[in-house]
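Visitor: In the working numbering, the protein residues as written are 162 to 298.
1) Residue 243: buried (16+ other C-beta within 10 angstroms of its C-beta) or exposed?
2) Going along the chain, which residues of its own chain have a beta-carbon closer than 8 angstroms to the beta-carbon of residue 294, five neighbours each way excluded?
3) Are residue 238 and residue 258 touching if we call contact CB-CB under 8 angstroms?
4) Rounded to whole angstroms, how far is the Cβ of residue 240 from the Cβ of residue 172, which I believe are closer than 8 angstroms?
5) Helix, strand or coil, according to DSSP, for residue 177 in the structure here?
6) So, with DSSP's three-state summary, where would you put residue 230?
7) Count the other CB atoms within 10 Å of the CB of residue 198; is the residue buried (16 or more) or exposed (fewer)?
8) So, using beta-carbon positions, are residue 291 and residue 212 closer together than 8 angstroms?
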């Protein structure tokens with residue numbers, strides 16, 4: 162699983178992320194996907210803050226999640242993230258959440274590039290340096 166493509170970020174399940182059964186509430190996996198992609202982009206040399214300073218936004222327009230096994234309170238889990246598809250107009254991140262060797266959740270999020278007026282843009286035109294950096298991944 163750990164290769165140049167995949168970036169790993171480790172978290173410990175907090176009590177507040179669980180339900181009455183001690184199982185991670187399903188909506189929290191989207192938060193973990195966001196942690197994974199934020200750290201992925203940061204490792205590419207940009208932070209979301211810097212991207213937003215350029216007047217660019219990257220909203221989620223689609224999300225897919227498949228639940229295999231539950232994560233529970235105090236578990237240490239690894240969030241793996243990679244870019245599954247990248248064009249000048251959109252980016253798709255793939256995610257896998259694991260506890261040790263066990264796959265708990267898989268999923269992906271689809272994002273489009275917007276300017277500060279919420280109009281779709283071509284990243285290669287609006288921010289060519291960022292485009293090239295992400296392209297090289």
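Don't be surprised by glycine CBs; every beta carbon is placed ideally from N, CA and C.
Guide: Let's see:
1) buried
2) 205, 206 and 207
3) yes
4) 7 angstroms
5) helix
6) coil
7) buried
8) yes
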